[in-house]
Amino acid sequence: MMTFTATREQRDELEGLAYWVSDRAWSRERGELDENEDHRTDTTIRAIFDRLDRLAVPYWVQNAVCRWAEDWRRAMKENLRDAMRAKQIVL
Numbered sequence: 000m001m002t003f004t005a006t007r008e009q010r011d012e013l014e015g016l017a018y019w020v021s022d023r024a025w026s027r028e029r030g031e032l033d034e035n036e037d038h039r040t041d042t043t044i045r046a047i048f049d050r051l052d053r054l055a056v057p058y059w060v061q062n063a064v065c066r067w068a069e070d071w072r073r074a075m076k077e078n079l080r081d082a083m084r085a086k087q088i089v090l
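Numbered according to numbering that gives the first Met the number 0, the sequence shown spans residues 0 to 90.
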């Protein structure tokens, strides 16, 4: 199994990614994501992906965070660090 240990800077960006992905999922479900907000959120998430790429965070780690955060109910109940530790990702 692959493992990954994040630096502080990588962790901060991954936490930001989780926040924005969860926020977008919550807003979509509630019907509160208008076109402007969707564009702003998309731009923010893409910028985070660019920073994660520059910080050499593997795609599988980025994907794991996104998949976890897309379920905003779980993200509200669980701690990101604990959830990722179960996937051999140390934040």
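Even for Gly, the Cβ is constructed at its ideal location relative to N, Cα and C.
A quick note: this is a predicted structure, and the numbers were derived from the prediction, not measured.
Within the stretch 1-41, the runs of alpha helix (DSSP H) at least 4 residues long that lie entirely inside it are, in chain order, 7-29. Taking the Cβ atoms as the reference, Leu-51 lies roughly 6 Å from Gln-61, within the contact range of under 8 Å. Residue state for Val-89 is assigned as strand, using DSSP reduced to three classes. Sequence-distant partners of Ala-82 (beyond 5 residues in either direction) whose C-beta falls short of 6 Å from its own C-beta, in its chain, are Trp-67.
In this structure, the alpha-carbon of Val-89 lies about 20 Å from that of Ser-21. The beta carbon of Arg-10 lies closer than 6 Å to those of Leu-90 in the same chain, with the five residues before and after it left out.
For Ala-55, the three-state secondary structure derived from DSSP is coil. Distance from the Cα of Val-64 is smallest, within the candidate group Trp-71, Ile-44, Asn-78, Leu-13, for Leu-13.
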